[in-house]
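This report concerns only the one structure given below.
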Amino acid sequence: MSITATEIEVLKIIKQKNSLISMKELSSKAGLEIGYTYMLCKSLEKQDCIGFFTRSSCRITGKGKSMIS
């Protein structure tokens with residue numbers, strides 16, 4: 003599975019936060035609708051680029067960091 007440009011942008015925002023980020027904050031910073039942001043994050047989770055800690059907050063993984071380095 004390949005990562006889209008929008009997913010890369012979402013990963014960059016999550017990495018900048020350097021801790022847990024909520025879907026609400028992420029969608030606001032990305033300028034995306036919250037449902038679309040959640041869908042992108044679920045795709046990134048399937049690719050082991052982020053991990054969810056609650057239904058509405060996530061953190062970047064080592065693999066995710068390497069995808070944008």
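Residue numbering for the sequence shown follows the working numbering, starting at 3 and increasing by one per position. Think of the CB as a built atom: it goes at the ideal place given N, C-alpha and C, for glycine as much as any other residue.
- Excluding residues up to 5 positions away in sequence, Ser58 and Ser59 lie with their Cβ nearer than 6 angstroms to the Cβ of serine 24 in the same chain.
- In this structure, alanine 32 and isoleucine 10 do not form a Cβ contact; the two beta carbons are roughly 11 angstroms apart against a cut-off of 8 angstroms.
- Rounded to the nearest whole angstrom, the CA to CA distance from leucine 22 to arginine 61 is 5 angstroms.
- Excluding five sequence positions before and after serine 29, the CB atoms of its chain that fall closer than 6 angstroms to its own CB belong to Ile36 and Thr39, given in chain order.
- At a Cβ-Cβ threshold of 9 angstroms, threonine 8 and leucine 34 count as neighbours.
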